[in-house]
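Before any comments, here is the structure.
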Amino acid sequence: MIKDSPNPPSDSTAFHTAAHQEINHYLNPPEKPEPFAQEQGLFTVREGLDVETLLVNASEDLASVQALASHLAFEIDGIPRSVALGICRMPEGIQLLVDSVVAQNETVNQR
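Residue numbering for the sequence shown is 70 to 180, as defined by this note's numbering.
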């Protein structure tokens, strides 16, 4: 009968070392995990971005929210439609504010 493993087995110290490292990683976590800073949220903004870049991205995000809400508003009827239309109006107002700031920023940069 042919054996699948050599007799005696080959040197398995590397395998055992790797196995112990993995076991220790999962079964023996560090005593104190990294502290979570309270001021950190789910998302962060990379430092050093100029105002125009931030405003343009905010404007594009608002336009996307507006498109989603508009699409939803015209797919439903009744009171939910009124709610969706109300949600549509909020990004429109915010979009106007952001567009105004972008325009003011462009005139300041052109001077």
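Each residue gets a CB set at the ideal place from its N, CA and C atoms; glycine is no exception. It should be emphasised that the depicted structure is a prediction, and the values quoted were computed from it without experimental measurement.
Query raised in the report: Rounded to a whole number of angstroms, what is the C-alpha to C-alpha distance between residue 177 and residue 147?
Result: If you number the sequence shown from 1, residue 177 lands on position 108. If you number the sequence shown from 1, residue 147 lands on position 78. Cα to Cα, the separation comes out at about 46 Å.
Requested in this report: Give me the Cβ distance between residue 167 and residue 141, rounded to the nearest whole Å; I'm assuming they're in contact under 8 Å.
Outcome: By 1-based counting over the sequence shown, the position of residue 167 is 98. By 1-based counting over the sequence shown, the position of residue 141 is 72. Incorrect: roughly 22 Å between the Cβ atoms, too far for contact.
Query raised in the report: In this structure, does DSSP put residue 167 in helix, strand or coil?
Result: Within the sequence shown, numbered from 1, the residue matching residue 167 stands at position 98. Reduced to three states, the DSSP call for residue 167 is helix.
**Report entry** Spatial distance of residue 187 from residue 112 (CA atoms)
**Finding:** Summary: the structure shown does not reach residue 187, with the chain confined to residues 70 through 180, and so no result is reported for it.
**Report entry** Where the alpha helix (DSSP H) containing residue 131 begins and where it ends
**Finding:** As a first step, residue 131 must be located in the sequence shown, where it is residue number 62. Segment 120-142, the alpha helix (DSSP H) holding residue 131.
Query raised in the report: Going by Cα to Cα distance, which pick from 123, 139, 150, 85 is closest to residue 171?
Result: Here residue 171 is taken as the residue at index 102 of the sequence shown, counted from 1. Residue 123 is the option with its Cα nearest to residue 171.
Query raised in the report: If you check the beta carbons only, do residue 153 and residue 136 fall under 8 Å apart?
Result: If you number the sequence shown from 1, residue 153 lands on position 84. If you number the sequence shown from 1, residue 136 lands on position 67. The answer is no: Cβ separation not under 8 Å.
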